[in-house]
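Single-structure report; data block below.
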Amino acid sequence: MPTLLQTLLIETLSENTDPILRLFIDTILPAMEREFGLIPAMGGSEIVHYQNLVKQGDKYAQENAKRWANKPDQSLLVHVLNGLLTAWNLSVYLPQNLQLQPVEKKLLCLGLTLHDYNKYVRGQGEEQPPPKAHEIDDIINLCRDLGTKLNFQEFWEEWPKYLLEIAFLAQNTQFSVDSNPVISNWENDQREFTIDDRRLNDVLRHLLAFGDVAVHISDPAEIVTSTKGDRLRDHLYWLNIPKKLVYHRLRDCRGLITNQIHNAVVNFARQLGWEEILCFAQGVIYLAPSNTEMPELTEIQTAVWENLIYGDEENNQKGLAAYFQSGDVGFVRDGKGVKIAPQTLELFSSGDLIRLLPEVVQVKVANAKVPATPKRLEKLTLNDTERTFLLKGADIRADRLAELIILAQREFFEGSQDYITWILTTLELQNHITPEQTQVQSGGVNYGWYQVAAYYIADHATLDEQQIREYLQELSNKLATWATENALLKETANPTHEAFIKYLDQYLEICPNHQASEFANELAAYSNAKVTNQPICSLSSGESQAEEQLDTVVLFKPQQYSNKNALGGGRIKRGISKIWALEMLLRQAIWAAPPGKLEEQQPVFLYIFPAYVYSPQVARAVKALVQEFKRVNLWEVRKHWLDAGMHHNGLQNLPWREESEAGRFSRNYSTKDLPFMAMTYTTTRGKTVTDAWVEPIYLTLALPLLLGVKVVATSSPDPLYASDQEFSESAILDGAAGFWQLFGTPQNLRIQDLSPALNRLLIAYSLHLDNRSKKPDARWQALNGTVRDLVTDVLNIFAIANEGFRNTKKEPGTEDVKRIWNYAQTWVKGDTNMQDKLKLIQRIVTEYRQFYQVNLGESSHAILLPISKSLEVILTVPEHIHREDIILQGAGQLHDALERQEAYKRPYLLDKSVDISTRKSQELMAIHQFITTCVDDLFLGLYKGDRALLQENRNRIKSGVEFAYRWSALQSKNTEKPES
């Protein structure tokens, strides 16, 4: 089965991709994921680094471990993959005389795959340190072994013939003191290069070095601010590629709007002939023609604004205007009618907006089963005849007509008598309803226009919904024309456009023009808002001018806690800036998130960052996943994980993406967009915080393992970080539910912490789903209790499993026993106390199986006879009885109990090779040893001689012993099979 990353890459590669690169992804990438996925190329856990370096005899282990861990995480998998793809992308621009031949393309792939063999050796924790640059034989042997592990043979059958070239490139990727590029050092009587060594040194090494330097860059501006940019330009020079490096960077991160800005700039850059080669959370580095001229910032700002509002039809991008026109965004309906967001009024002229209202009303007024008109008519003073007539038209058609008239009056014709007269005249009701009657209202709701609408519908009862829809559009067109001709509409300003341009001016950089941050303006805006009682943006901390939070815009409940102010302080109104308002509208549009109500679904946001950098191919692959993300089914997760032997590789085969009806993945989005900081969110139907966090915690641990990305999970709608360089870890769980705290696992996890943390999480989920849930209800609200039991005592794994078997009234089968025992073995890793407890349980079982064995089909009571009898003796003898007496009494009572059992349950008695007295003596000695272990190690050792504590743990011990017995019996059975 293809891996998730492999599938995404293959689907998003361009059609003209070289078959050699496709073959590499088909054959070697899955092996790279297996071997390199958990090994840090940069960053990683200081403790793990230190342990590995000490094992390899590094006398500077502490200093080196600390230095490496201070860098942000990047796995060896994405380091190699992005470096390879970057070098490959660059090779396309080689001049004709330097173009790579098929053999050289394969050498490029394999040389870069192995170029960090030293990090692989250290990450494996082997005692032998990686070979030095002069140890050429060791380097070649290591490359041969790694090539076998990484499936080189399937990629290229002749690769052993070119092993010397592969090892040479792997060792000499960088032009540094650790390289060994002297050809004579590599060739001897037994080996020599197959291809011209000048091609290795003059072309391939420079390509590999460019790719390797590129994936160490963490910010687009580093091509100007660090020596890495100089090194990249040097390689371009030596490769005779007539290109120069330029970049764009947005020094801010909001989410969807900043991604939209990035992609709009990328589209603009493509028109200039710039090709993106490295993608970051904050921007892009491009290869541009050497004679390119830098565009004016105003040109870019205009292009970005038009892309945001009107989209890009060529790249299948919808703009905000399309969502506004369909009524999906910018409008909300509550008990007082339809409301319009300020941005809607700014983006469209009044005449155009009036013409859009029929479609908006059609979408928002959808209460056909419970129309509002009958209730509104109850508030009016009407005689019986009038009421009876009006009720004939009191349905959804009247609702829509009334809402249209009221909305137009409130937004465009407030206080205009001409509007009232025009509406009555156009509807031909001027002789039936007076203007005064149309303005009857109470509590902010206009009831008079509902009377007008009901009258019109009752008088035209034969109109169906489609005809009414057409009539409303005709009415709106006439209204807009009349208002325009009579100059009744105000000219609209666009402060959102002004704020957006100012935002770009402050934050967007186009190399080499740097824009300064306007901190003075931010401070002035914040201070002015406090003094003049103006709203302050609660999301950007007063950075920009803000307006009132309206439920047409924000996804959360507006004005949260606005009445709580410091004693003696001024009243600060919680508002929202124009930029954040656009972000909220984009989330409404793209996520179909309900304004003002998303908060009720307890969303947890996942912010997905590149680990330093994406190549364009990997960026598009990540984008494809985020666009088609499917809701997680944790029952399926459990099954795939167990089928893979409790390894995260099993998660590769999960249905991660939504499929269309035809069974193909939909492509209703731009395939050219890049993710930068990708963003998605989860919601829950449950009511507890635990319900809300079960899925995002799993995703936060799984995605870095499967894709090599960095993930931050938080309930904050505002990203915590503007770049992956602001945090070192691979996964961050900000404010996770209480059950995660119980695990004792850090909230911030490095690469090496991910797999153990995910295994512990899935053990807890699996035990809970199997034993404390009832499909389809997972009962996650009880997960806290499950996790608390597990972290308290490893024996609770067996107790919880027994609880599930009792509920289903069945005995554990062979696979059940293996699964539960593997849970326990995995759970105790890294915990010495739990490991010792599990070993003690195993020793107890091993000792009593010497003198007592029953068939696994027997009852739990029969299996547990020895331990039950020993615990009974320990708990019932008087406290003053000495240890030796307890042992003798326990041994005696257990022997008496065995005397009442069938002979075939007593292995010593079945051994006819010795006489009966010897057999009985051996049995007594084994019983005595077993009771001694129970008294000394279990009672006096583990439970400190505390009978109350032993009694409290009695059932846990018996559950653990039962599973240990079943596991031991299965092992014995498997051992005996070859002999028989």
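Those letters in the sequence shown? Residues 688 to 1667, by the working numbering. Positions of the beta carbon are idealized from the N, C-alpha and C atoms, including for glycine. Computed from a predicted structure; not experimentally measured.
Status (buried if at least 16 other CB within 10 Å, exposed otherwise) for residue i
i, result
"R1351", "In this prediction, R1351 has a pLDDT of 39, which is less than 50 and means its spatial position is unreliable; what the coordinates show is noted afterwards. Exposed, because fewer than 16 other Cβ atoms sit within 10 Å of the Cβ of R1351."
"L787", "buried"
"M688", "exposed"
"H1548", "exposed"
"M1271", "buried"
"L1441", "buried"
"D1021", "exposed"
"N946", "buried"
"N1520", "exposed"
"P1297", "buried"
"Y807", "buried"
"K1310", "buried"
"A1308", "buried"
"G1517", "exposed"
"D939", "buried"
"N784", "exposed"
"A1170", "buried"
Three-state class that DSSP yields for residue i in the structure shown
i, result
"H802", "coil"
"E962", "strand"
"V1648", "helix"
"T1401", "strand"
"Q1540", "coil"
"D1421", "strand"
"P1303", "helix"
"A1549", "helix"
"E1235", "strand"
"M1271", "helix"
"H935", "strand"
"A1203", "At A1203, the pLDDT of 47 sits below 50, so the modelled position is not reliable; the number obtained from the coordinates is stated separately. Coil, per DSSP."
"M1366", "strand"
"F1187", "helix"
"K1326", "helix"
"E983", "coil"
Rounded Cβ spacing between residue i and residue j (contact assumed at less than 8 Å)
i, j, result
"L1420", "I1384", "6 Å"
"D1624", "L1527", "6 Å"
"K758", "G730", "5 Å"
"Y1142", "L1116", "6 Å"
"E668", "R1084", "As shown, the chain starts at 688 and ends at 1667. That puts residue 668 outside it, with no answer to give."
"A1306", "G1262", "Actually they are not in contact, since the Cβ atoms of A1306 and G1262 sit about 35 Å apart, beyond 8 Å."
"P1290", "T1370", "5 Å"
"N1672", "R1042", "In the structure displayed, the chain extends from 688 to 1667; residue 1672 sits before or after that span and is not available."
"K1645", "S1546", "Contact doesn't hold; Cβ gap of about 13 Å is too wide."
"L700", "Q1304", "6 Å"
"V971", "E983", "About 19 Å; that fails the 8 Å criterion."
Cβ neighbours of residue i in the same chain (closer than 7 Å, five flanking residues each side left out)
i, result
"E852", "L794, F880, T881, I882, L887"
"Q1609", "Y1595"
Cutoff 8 Å; reference residue i; Cβ partners in own chain excluding five residues on either side
i, result
"W1328", "H1334, H1335, G1337, L1338, L1449, S1453"
"C830", "L801, Y804, L850, I853, A854, A857"
"M719", "L764, V767, L768, T800, L837"
"P717", "P689, T690, Q693, N838"
"I948", "L937, V991, L995, L1191, L1195"
"E1323", "L1341, P1342"
"I697", "P689, R709, I712, D713"
Chain-order list of residues whose beta-carbon lies under 6 Å from that of residue i (same chain, five-residue window excluded)
i, result
"A901", "T773, L965"
"I723", "Looking at the sequence itself, residue 723 is Phe, so the reference to Ile does not match. Counting only Cβ-Cβ distances below 6 Å, and skipping sequence neighbours, we find L763, L764."
"I1295", "A1365, V1396, V1398"
"N994", "A951"
"I928", "Y780"
"N1355", "Interpretation of N1355 is limited by its pLDDT of 49, a score under 50 that renders its predicted location unreliable; the figure taken from the coordinates is listed afterwards. Within the same chain, N1355 has no close Cβ partners at all."
| request: Report the residue ranges of all alpha helix (DSSP H) runs contained in full by the stretch 1587 to 1638; include only those spanning at least 4 residues, in chain order. | output: Every unbroken stretch of the alpha helix (DSSP H) spanning 4 or more residues and falling wholly within the stretch 1587 to 1638 is given here in chain order: 1594 to 1597, 1603 to 1620.
| Ranges of the alpha helix (DSSP H) found wholly within the stretch 1475 to 1502, counting only runs of at least 4 | As summarised for the stretch 1475 to 1502, the continuous alpha helix (DSSP H) elements at least 4 residues long and confined to that stretch are 1483 to 1495, given in chain order.
| query | What beta strand (DSSP E) runs, 3 residues minimum, are completely inside the stretch 1060 to 1143? | reply | Runs found: none.
| Can you list, in chain order, the stretches of the alpha helix (DSSP H) that have 4 or more residues and sit fully within the stretch 1004 to 1044? | Segments of the alpha helix (DSSP H) lying fully in the stretch 1004 to 1044: 1007 to 1012, 1029 to 1034.
| said: In chain order, what are the residue ranges of uninterrupted alpha helix (DSSP H) at least 4 long that sit wholly in the stretch 708 to 766? | reply: As far as the stretch 708 to 766 is concerned, its whole alpha helix (DSSP H) runs of at least 4 residues are 716 to 723, 733 to 742, 748 to 756.
| said: Restricting to runs no shorter than 4 residues, where is the alpha helix (DSSP H) found entirely within the stretch 808 to 888? | reply: If you keep only unbroken alpha helix (DSSP H) runs of at least 4 residues inside the stretch 808 to 888, you get 823 to 836, 839 to 842, 850 to 858, 870 to 873.
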